[in-house]
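Residues 1 to 134 in the UniProt record's numbering are what the sequence shown spells out, letter by letter.
Glycine residues also receive a C-beta, built at the ideal position from the N, C-alpha and C atoms.
All values derive from a computational prediction rather than experimental measurement.
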Amino acid sequence: MMVKKKKTKKKKKEEKREEEEEEEEKEKKKNKNNEKKEEQGEGGGGRGCTYAGRRYKNGAEVATAEKCLRCLCLSSNLVCRLRVCTEVPDPPPPSCILLQRANHCCPQLVCNQDQDLFATICMQSANTFSGVND
Numbered sequence: 001m002m003v004k005k006k007k008t009k010k011k012k013k014e015e016k017r018e019e020e021e022e023e024e025e026k027e028k029k030k031n032k033n034n035e036k037k038e039e040q041g042e043g044g045g046g047r048g049c050t051y052a053g054r055r056y057k058n059g060a061e062v063a064t065a066e067k068c069l070r071c072l073c074l075s076s077n078l079v080c081r082l083r084v085c086t087e088v089p090d091p092p093p094p095s096c097i098l099l100q101r102a103n104h105c106c107p108q109l110v111c112n113q114d115q116d117l118f119a120t121i122c123m124q125s126a127n128t129f130s131g132v133n134d
C-alpha cells in the first residue's frame with residue numbers, strides 16, 4: 001500500500017510539472033503573438049505610420065495623390081514604389097488613340113485592331129465632346 005502512495009505522489013508531481021510547463025508554453029506563445037501584433041501595428045504598442053495627417057497600421061496601403069506611387073506602411077516606415085510606364089508614341093500612330101483612364105497610372109495605346117474597345121472609346125469621346133453626357 002505504501003508503494004502505491006509514493007507512485008501516486010510522484011505521478012502528481014509529474015502532472016503538476018507538466019501543467020506548469022504547458023502554462024509556460026502558452027505564456028510564451030501569447031507573448032510572441034503580442035509582439036507580432038505590435039510589429040504589425042495591431043496591438044496597442046504598435047506605432048504604424050503617419051502620412052499627410054492620417055495614421056496607418058503596419059501592413060496597410062497608404063493613399064497618395066500620385067496614382068503611379070504605391071506606398072505601404074512596413075515596420076513603421078513608409079515604403080513606396082514608383083511605377084515607370086512604358087514609352088508610347090506621342091502623337092499616336094494613325095488609327096490609334098492614347099487612352100488615359102481615371103485612377104490608372106500609365107496611358108494605354110488603343111488601336112482600331114481592338115475594334116470593340118476602339119469603337120466604345122470613340123463613341124464616349126464623341127458623346128462627351130458634343131455634350132451628350134452633360
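Distance between Arg83 and Tyr56, taken at the CA atoms: about 22 angstroms. Around the beta carbon of Val62, 16 or more other beta carbons sit within 10 angstroms, so the residue counts as buried. Nearest Cα to Leu72 within the set Thr64, Ala60 and Ala65: Ala60. With a minimum length of 3 residues, the unbroken runs of beta strand (DSSP E) contained wholly in the region 59-86 fall at 69-74 and 77-82.
Note on Asn112: under 16 other CB atoms within 10 angstroms of its CB, so exposed under the neighbour-count rule.
By the 16-neighbour rule on beta-carbons within 10 angstroms, Asn103 is exposed.
Counting the other Cβ atoms within 10 Å of the Cβ of Asn77 gives fewer than 16, which makes it exposed. A check of alpha carbon separations from Thr86 across Leu109, Ala52, Ala65 and Glu66 identifies Leu109 as the nearest.
Non-local C-beta neighbours of Thr64 in its own chain, meaning closer than 6 angstroms and more than five positions away in sequence, comprise Cys71, ordered along the chain.
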